[in-house]
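Chemist: Okay, handing you the structure first.
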Amino acid sequence: MNEIVWGDVLIQFGFLVILVVITAFIIYAIRTWLKRANQMNRIEKKLDGLSEGKKDH
5 MNEIVWGDVL
15 IQFGFLVILV
25 VITAFIIYAI
35 RTWLKRANQM
45 NRIEKKLDGL
55 SEGKKDH
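Take the position in the sequence shown, starting the count at 1, then add 4; the result is the number in the working numbering.
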């Protein structure tokens, strides 16, 4: 009863790796989405500034 069952250890390690990969992917997806949203807001502000400049002329 005191021996280590290496098959169980490998399965548990595999599940741990899967959980870490899923968590990392979720964090990566959220960060990418937030960066893209910020970039779109910056582009929109620049375009608004350009169109305001054309209206003045």
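Idealized CB from N, CA, C, for every residue including glycine.
Please return the same chain residues whose Cβ sits closer than 6 Å to the Cβ of Val25, not counting the five positions on each side in sequence.
Modeler: Answer for Val25: no residue qualifies.
Chemist: Give me the Cα-Cα distance between Ile15 and Lys49, rounded to the nearest whole angstrom.
Modeler: Approximately 51 Å between the Cα atoms of the pair.
Chemist: Helix, strand or coil: how does DSSP classify Ile8 here?
Modeler: Coil, per DSSP.
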